[in-house]
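Below: one structure, written as structure tokens.
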Amino acid sequence: GTWAASGQIDQALLARLLQEPFFHQPPPRSTGRELFHLAWLSDHLTGDEAPRDVQATLAELTAVSVAQGVTQLPLSQPSATLLVGGGGAHNAYLMERLAAHLPKVTLLSPATLGWPEDWIEAGAFAWLAHQRLHGLPGNLSSVTGASGPRVLGGIYAP
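Under the working numbering, the first residue of the sequence shown carries the number 427, and numbering increases by one thereafter.
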């Protein structure tokens with residue numbers, strides 16, 4: 427975050443990055459390194475960008491895409507609380523940018539609830555495994571778009 431905070435957001439680069447079709451798909455959606463990787467970024471660079479400005483722009487891209495996702499959620503109240511875990515919770519610049527894009531959302535670290543922020547993903551997968559092992563649904567139709575509760579995953583013998 428410190429490196430990104432030392433740069434300036436390149437609005438032209440940000441606009442090019444946001445043209446990625448992934449950002450225009452309706453939720454729910456998920457992706458990772460299979461789409462967003464160095465070659466993908468390189469395809470969008472002109473070669474004139476300062477590295478610190480690229481970092482600032484990537485942090486802004488993250489904040490903008492998270493904010494878009496949050497604002498598309500069917501929230502029952504005009505304000506909400508968002509728990510931010512993992513590496514993003516340690517990135518002060520990213521948290522600042524998220525707050526700027528989500529002024530009505532309270533950003534909290536899971537640590538405020540006694541949950542280690544770096545364990546959130548592992549905890550989520552443990553919960554999903556528990557639900558599967560006990561034959562319980564692991565989805566929210568309002569989030570996944572499924573027509574009802576579903577038991578997720580499969581168990582296979584070696």
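For glycine and all other residues, C-beta sits at the position ideal for the given N, C-alpha and C.
Quick caveat, the model's predicted, so the values are computed rather than measured.
Under 6 Å Cβ to Cβ from residue i, same chain only, skipping five residues before and after it: list those, please.
i: arginine 576; result: Pro563, Asn565
i: glycine 473; result: none
i: alanine 493; result: His527, Leu528
i: glycine 571; result: none
i: alanine 537; result: Glu543
Between which residues of its own chain and residue i is the CB-CB distance below 7 Å, once the five residues before and five after are set aside?
i: arginine 442; result: His470
i: glycine 561; result: Val577
i: leucine 520; result: Gly427, Ala485, Thr488, Ala489, Gly514
i: glycine 495; result: Pro453
i: glutamine 434; result: Asp479, Ala482
i: leucine 440; result: Thr483, Glu486, Leu487
So, for residue i: in the same chain, excluding its five sequence neighbours on each side, which residues have a beta-carbon less than 8 Å away from its beta-carbon?
i: leucine 554; result: Gly564, Leu578, Gly579
i: aspartate 436; result: Glu475, Asp479, Val480, Ala482, Thr483
i: threonine 457; result: Phe448
Output the distance between the C-alpha atoms of residue i and residue j, rounded to the nearest integer angstrom.
i: glycine 574; j: serine 568; result: 9 Å
i: alanine 431; j: leucine 539; result: 28 Å
i: alanine 419; j: glutamine 498; result: A query on residue 419 cannot be resolved here, the shown segment of the chain reaching from 427 to 584 and no further.
i: proline 408; j: asparagine 517; result: With the chain running from 427 to 584 in the structure shown, residue 408 is simply not present.
i: glycine 513; j: threonine 428; result: 13 Å
i: leucine 467; j: arginine 558; result: 37 Å
i: proline 500; j: isoleucine 581; result: 32 Å
Identify whether residue i lies in helix, strand or coil by the three-state DSSP scheme.
i: leucine 554; result: helix
i: alanine 506; result: strand
i: valine 577; result: coil
i: leucine 539; result: helix
i: leucine 559; result: helix
i: threonine 428; result: helix
i: glycine 511; result: coil
i: proline 547; result: Before going further, note that residue 547 is glutamate rather than proline in the sequence given. Correct three-state label for glutamate 547: helix.
i: alanine 441; result: helix
i: serine 456; result: coil
In the DSSP assignment, find the beta strand (DSSP E) that holds residue i and state where it starts and stops.
i: threonine 488; result: Looking at the DSSP string, threonine 488 is not in any beta strand (DSSP E); the run it does join, the alpha helix (DSSP H), is 477-497.
i: threonine 532; result: 531-534
Name the two residues that bound the continuous alpha helix (DSSP H) containing residue i.
i: tyrosine 582; result: That residue, tyrosine 582, is in no alpha helix (DSSP H); it is neither H nor E in DSSP.
i: threonine 472; result: Segment: none, threonine 472 is in no alpha helix (DSSP H) and carries neither H nor E.
Touching or not, the region 525-537 and the region 502-517, by the rule of three or more beta carbon pairs under 8 Å?
yes
Spell out a yes or no on whether the region 474-483 and the region 444-459 are touching, meaning 3 or more CB-CB pairs, one atom from each, closer than 8 Å.
no
Three-pair Cβ contact test at 8 Å for the region 517-527 versus the region 545-563
Of all C-beta pairs linking the region 517-527 to the region 545-563, fewer than three are shorter than 8 Å, placing the two stretches out of contact.
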